[in-house]
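Contents: one structure, followed by commentary.
Protein chains: 2
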Amino acid sequence: MTRRGADAASKAPAPRKPAGRPRDARLQEHLGYVMKRVYSQIHSDAMRVLEPLGLRVSTYSALAVIADNPGLRQSQIAEELSIERSNAVLIIDALEEPGWITRNRVPTDRRSYALEATLAGRQVLERATEALKAHEARFFAGVEPAALDQFAETLQQIARSAEEGEENP
Amino acid sequence: MTRRGADAASKAPAPRKPAGRPRDARLQEHLGYVMKRVYSQIHSDAMRVLEPLGLRVSTYSALAVIADNPGLRQSQIAEELSIERSNAVLIIDALEEPGWITRNRVPTDRRSYALEATLAGRQVLERATEALKAHEARFFAGVEPAALDQFAETLQQIARSAEEGEENP
DNA sequence: TATAATTGTTATGACGCATATCAATCATGG
DNA sequence: CCATGATTGATATGCGTCATAACAATTATA
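Encoded structure:
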């Protein structure tokens with residue numbers, strides 16, 4: 269028994285890529301769609317670059333914020349990276365286990381930890397940052413530097429505008 | 269027994285947001301990081317907009333490609349959206365179940381289905397496209413139109429450049 | 001002093017991605 | 001013509017990123 273529709277459809281071979289209108293033309297009109305495609309590529313490339321160092325995109329981000337701002341609390345890391353506190357716990361666990369950061373009790377507030385990067389953590393962070401920067405240089409190599417600068421500037425504006433929108437709904 | 273580091277850390281209150289260097293300054297230097305933040309916002313907004321229509325971002329994308337290109341096969345949908353065939357099966361299932369698309373057997377190739385959107389599918393697609401466009405208009409409202417046009421142009425260049433990189437590694 | 005809020009934790013599920021494997025079917029080459 | 005390779009769709013499963021819910025311990029507030 270066929271599970272799907274009865275034989276009824278096209279008798280022609282599968283439509284090939286036409287010379288005219290691309291198949292995702294409607295989607296290409298959404299800036300979000302194009303951004304998603306580009307970001308997906310960047311993300312999977314970044315995972316590949318970070319994997320030999322034992323890092324992922326999310327743990328790299330957290331390590332960067334911790335290393336550059338010693339003493340922050342977990343809830344502040346979560347806020348900075350726009351993630352839930354519960355997810356920050358797991359990410360920080362993944363940084364503590366290999367000895368890249370320490371959770372230090374705060375005498376004045378026994379609920380909290382002051383987070384710090386260790387020497388090993390700072391070292392792996394520097395290597396990861398260099399590796400990611402090299403990847404980005406390759407990834408964006410096909411784009412005019414002036415156009416890329418303008419792109420980055422507008423992206424920052426969009427990001428700021430979006431954050432303001434979040435705070436004043 | 270404390271599970272984490274012994275009491276040893278900061279005696280000061282949790283560091284507040286400084287007036288100077290932002291805490292994610294290192295991350296802000298990565299275009300990918302800023303794109304991820306913007307895209308995450310767009311994605312969660314889009315999910316919220318699509319949810320009342322019974323759609324998700326991924327099913328909306330597939331429905332758009334199917335509706336605009338009747339007769340495509342599942343593997344072509346997967347290729348067009350840069351997703352795995354196995355994941356395309358689940359997405360197409362989610363469109364077939366509410367009656368938005370049909371899987372039609374192909375007499376000349378009994379392995380394949382020719383996919384088509386139904387009237388209901390085309391109708392929900394139009395509503396979804398309108399809702400998403402309205403959201404995007406609001407989301408990008410704080411950015412100069414000329415700057416946004418330039419941004420979109422460069423984003424397309426980046427996307428093309430990245431795809432060429434995939435095909436010629 | 002009671003209550004509200006905060007911090008961190010654990011559990012869990014949704015979603016989007018990936019790989020592996022398989023059966024049925026079609027294409028290809030000898 | 002037949003064996004083999006390739007394709008199509010399906011199922012199972014795991015990983016990573018997201019979310020919510022609930023809770024205990026602790027601090028802040030009224």
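Sequence lines, in order, name chains A and V. Just so we're aligned, residue 269 is where the first sequence starts under the working numbering, counting upward by one. Just so we're aligned, residue 269 is where the second sequence starts under the working numbering, counting upward by one. For every residue, glycine included, the Cβ atom is placed at its ideal position computed from N, Cα and C.
query: CB contact below 8 Å: Leu321/A versus chain V; result: no
query: Per DSSP, the bridge partner or partners of Ile359/V; result: Answer is none; Ile359/V lacks a bridge partner.
query: Close-in-space but distant-in-sequence residues of the same chain around Gln296/A (CB under 8 Å, 5 per side omitted); result: Pro290, Val302
query: Nearest-angstrom Cα separation, counted from Ala409/A out to Arg390/A; result: 28 Å
query: Inter-stretch contact (C-beta, 8 Å, three-pair minimum) for the stretch 346-357 of chain A and the stretch 304-323 of chain A; result: no
query: Same chain only: Cβ atoms within 8 Å of Thr270/V, ignoring 5 sequence neighbours per side; result: Caution applies to Thr270/V, whose pLDDT of 36 falls short of 50 and renders its modelled position unreliable; the value that the coordinates give is listed next. Nothing listed; no residue qualifies.
query: Inter-residue CB distance, Arg371/V and Leu383/V (contact presumed, cutoff 8 Å); result: 6 Å
query: Chain V contact for Leu363/A (CB, 8 Å cutoff); result: no
query: Contacts that Met303/V makes with chain A (C-beta to C-beta distance below 8 Å); result: Met303, Val306, Tyr307, Ile310, Leu423
query: Three-state class that DSSP yields for Ile310/V in the structure shown; result: helix
query: Span of the beta strand (DSSP E), counted from its first residue to its last, around Ser343/A; result: It is not in any beta strand (DSSP E) - Ser343/A instead sits in the alpha helix (DSSP H) that spans 342-349.
query: Contact under 8 Å by Cβ, Arg393/A with Ala402/A; result: Here the sequence assigns Leu to residue 393/A, which means Arg is not the residue at that position. Not in contact: Leu393/A and Ala402/A (Cβ atoms no closer than 8 Å).
query: Beta-carbon contacts of Leu400/A that lie in its chain and below 7 Å, excluding the five residues immediately before and after; result: Ala314, Val317
query: Integer-rounded CB distance, given that Glu347/V should sit under 8 Å from His298/A; result: Actually they do not touch by this definition, with Cβ atoms about 19 Å apart.
query: With 16 other Cβ atoms within 10 Å as the buried cut-off, status of Thr327/V; result: buried
query: For Leu423/A, the three-state DSSP class (helix, strand or coil); result: helix
query: Within 8 Å, strictly: CB atoms of Asp336/A and Arg294/V; result: yes
query: Backbone secondary structure at Glu384/V - three-state DSSP; result: strand
query: Beta-carbon proximity list for Val325/A, same chain, < 8 Å, skipping 5 on both sides; result: His311, Ala314, Met315, Leu318
query: Residues of its chain near Pro437/V, where Cβ-Cβ distance is below 7 Å and the 5 sequence neighbours each way are ignored; result: Confidence at Pro437/V is low in this model, with a pLDDT of 45, below 50, so the placement of that residue should be treated as unreliable; the coordinate-derived value is given next. If we look at Pro437/V and ignore the five residues flanking it on each side, it has no Cβ neighbours.
query: Presumed contact (8 Å Cβ cut-off) between Ser429/A and Val411/V, rounded CB distance; result: 6 Å
query: CB contact below 8 Å: Gly288/V versus chain A; result: no
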